[in-house]
Amino acid sequence: MSDIADRVKKIVVEHLGVEEDKVTETASFIDDLGADSLDTVELVMAFEEEFGIEIPDDAAETIQTFGDAVKFITEAA
Amino acid sequence: MFDLTGKSALVTGASGGIGAEIAKALHAAGAKVALSGTRVEPLEALAAELGERAYVVPANLSDAASVEALPKAAIEAMGGLDILVNNAGITRDNLFMRMSDEEWQSVLDVNLTSSFRLMRGVLRGMMKARWGRIVSITSVVGATGNPGQGNYAAAKAGMVGMSKSLAYEVASRGITVNCVAPGFIATAMTDKLNDDQKSKILTQIPAGRMGAPEEIAAAVLYLASPEAGYVTGATLHVNGGMAMV
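Chains as they are written, first to last, in UniProt numbering: chain A, 1 to 77; chain B, 1 to 245.
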């Protein structure tokens with residue numbers, strides 16, 4: 001697993017308090033990992049900080065799963 | 001009780017009678033305070049009076065860019081921002097049939113839209129800190145209406161609905177959002193009323209007197225305190241019984 005995926009997973013695990021093995025490529029933050037809409041905003045904020053990037057609101061809306069997040073950040077970072 | 005040591009507060013309209021008292025009360029409880037307003041001179045004077053832990057951050061709330069920059073300036077000055085007090089407000093009174101779009105819009109812009117932008121701007125830090133206090137100063141007329149103040153009453157009632165909505169969203173993050181609704185308070189604004197007008201107003205106030213800015217400040221201090229952590233989406237009316245809502 002890439003370094004970016006590891007860092008994203010760490011944030012997700014810490015923020016949502018879920019088991020690491022639940023955070024799979026297709027795991028949806030809301031449907032599978034128990035996030036509410038405010039959690040997803042906070043996750044995006046945490047990603048921005050961790051990777052020093054800006055994630056615009058329309059892009060943030062497309063980040064639904066762990067895989068989406070890794071893909072977006074890999075392209076942006 | 002009500003110890004704000006280590007907390008940082010931004011107060012808008014701090015050059016006015018009520019705003020200055022709010023800043024003093026928060027400062028006296030140990031908070032750092034950022035004093036905002038359009039007129040720098042009275043802000044500097046207040047900062048000098050308060051001494052340490054007081055910072056001047058001027059802003060023009062009718063200007064969107066200036067509003068957006070304000071939370072950043074306050075955070076830079078104080079190193080954080082835990083408490084936002086939306087106190088600044090203007091009036092452009094006119095009878096409904098004579099009210100211009102400009103009179104309507106300017107009151108909505110400064111009183112309501114700037115509060116929205118400031119709330120949005122301070123949330124990020126509060127969410128991360130899992131602690132925050134937002135207190136907006138509304139008015140009794142937001143609940144009762146007042147002839148000649150259709151714009152002002154709309155803005156003040158709007159702040160209440162906005163605060164309740166935000167209160168829902170961020171309650172789980174340790175952030176409370178409340179309003180304080182003053183009745184008739186003795187300030188420079190009410191000093192302009194003549195004795196006849198004043199005595200007429202007083203007949204409608206069960207307490208038989210105008211309120212003091214300190215009495216508004218005390219309500220804000222409570223809602224800003226750790227002790228008020230379970231109070232959110234509320235409006236605390238401080239009006240001598242003038243409207244019991």
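From the three backbone atoms N, C-alpha and C, an ideal C-beta is built for every residue, glycine too. On a predicted model such as this, the values are computed, not experimentally measured, just so you know.
Report task. Could you tell me the distance, in whole angstroms, from the CA atom of residue 6 of chain B to the CA atom of residue 31 of chain B? Result -> 6 Å
Check: Hey, quick one: how far does the alpha helix (DSSP H) through residue 22 of chain A stretch, first residue to last?
Finding: Here residue 22 of chain A belongs to no alpha helix (DSSP H), and DSSP marks it neither H nor E.
Query raised in the report: For residue 264 of chain B, which three-state DSSP category applies?
Result: With chain B covering 1 to 245 only, the question about residue 264 of chain B has no answer from this structure.
* Asked: When you check each C-beta in the stretch 102–129 of chain B against every C-beta of chain A, which residues fall closer than 7 Å?
  -> Listed in sequence order: 124 and 127.
Take residue 40 of chain B and list the residues in its own chain whose beta-carbon comes closer than 6 Å to its own, dropping the five residues that flank it on each side. 58
**Asked** How big is the Cα-Cα spacing for residue 55 of chain A and residue 78 of chain B?
**Response** Between residue 55 of chain A and residue 78 of chain B, the C-alpha separation is close to 27 Å.
Within 10 angstroms of the Cβ of residue 120 of chain B, are there 16 or more other Cβ atoms? Answer buried if so, exposed if not.
exposed
Tell me whether the stretch 64–84 of chain B and the stretch 111–128 of chain B touch, counting them as touching only if at least three CB pairs, one residue from each stretch, are closer than 8 Å. Between the stretch 64–84 of chain B and the stretch 111–128 of chain B, the count of C-beta pairs closer than 8 Å reaches three or more; the two stretches touch.
Would residue 38 of chain A pass as an interface residue toward chain B - the criterion being a Cβ-Cβ separation below 9 Å? Closer than 9 Å: yes.
* Asked: Can a CB atom of chain A be found closer than 9 Å to the CB of residue 209 of chain B?
  -> no
**Request:** Take every Cβ of the stretch 144–156 of chain B, pair it with every Cβ of the stretch 183–190 of chain B, and state whether three or more of those distances are shorter than 8 Å.
**Result:** Using a C-beta cut-off of 8 Å, the stretch 144–156 of chain B makes no contact with the stretch 183–190 of chain B, since fewer than three inter-stretch Cβ pairs fall below that distance.
With burial defined as no fewer than 16 other Cβ atoms inside 10 Å of the residue's Cβ, what is the status of residue 95 of chain B: buried or exposed? exposed
- Message: In whole angstroms, give me the CA-to-CA distance for residue 80 of chain B and residue 214 of chain B.
- Response: Spanning the two alpha carbons is a distance of roughly 26 Å.
Between residue 127 of chain B and residue 48 of chain A, what straight-line distance do the alpha-carbon atoms span, to the nearest angstrom? Going from the Cα of residue 127 of chain B to the Cα of residue 48 of chain A covers about 15 Å.
- Would you tell me roughly how many angstroms separate the C-alpha atoms of residue 21 of chain B and residue 16 of chain A, rounded to the nearest one? 42 Å
Next item on the list: Please list, in chain order, all residues of the same chain as residue 141 of chain B whose beta carbon is under 8 Å from its beta carbon, the five residues on each side excluded.
Entry: Contacts found: 149, 152, 153 and 156.
Go through its chain and collect everything with a Cβ distance to residue 66 of chain B's Cβ below 8 Å, but skip five positions before and after it.
59 and 60
- Applying a beta-carbon distance threshold of less than 7 Å, which residues of chain B neighbour residue 42 of chain A? 127
Distance between beta carbons of residue 84 of chain B and residue 10 of chain B, contact taken as under 8 Å:
Indeed, because the Cβ distance is near 5 Å, the residues count as touching under 8 Å.
- Check the Cβ of residue 169 of chain B against every Cβ in chain A and list those closer than 7 Å, keeping chain order. 38
Among the residues of its own chain, which have a CB less than 7 Å from the CB of residue 103 of chain B, if the five just before and after it don't count? 92, 94 and 151
> With distances taken from CA atoms, which of A/24, A/27 and A/61 is nearest residue 40 of chain A?
Replying inline: A/61
Legend entry - residue 182 of chain B - partner residues in DSSP beta bridges: B/238
Integer Cβ distance of residue 211 of chain B from residue 184 of chain B, believed to fall under 8 Å: By a beta-carbon distance limit of 8 Å, residue 211 of chain B contacts residue 184 of chain B. Their separation comes to about 7 Å.
With 9 Å set as the bound, which would you pick, yes or no: does the beta-carbon of residue 98 of chain B sit closer than that to a beta-carbon of chain A?
Output row for residue 98 of chain B: interface = no.
### Collapsed DSSP secondary structure at residue 134 of chain B in the structure displayed
strand
Can you name the residues that DSSP bridges to residue 8 of chain B?
-> B/32
Open item on the list: If distances are taken between C-alpha atoms only, which option among A/76, A/70 and A/75 comes closest to residue 26 of chain A?
Closed with: A/70
#### Entry: Beta-carbon spacing of residue 259 of chain B, residue 236 of chain B below 9 Å
Any question about residue 259 of chain B goes unanswered here, given that chain B covers just 1 to 245.
| query | Can you tell which of B/2, B/241 and B/172 has the C-alpha that lies nearest to the C-alpha of residue 202 of chain B? | reply | B/241
* Report the rounded CA-to-CA distance for residue 226 of chain B versus residue 133 of chain B, giving the unit in angstroms. => 9 Å
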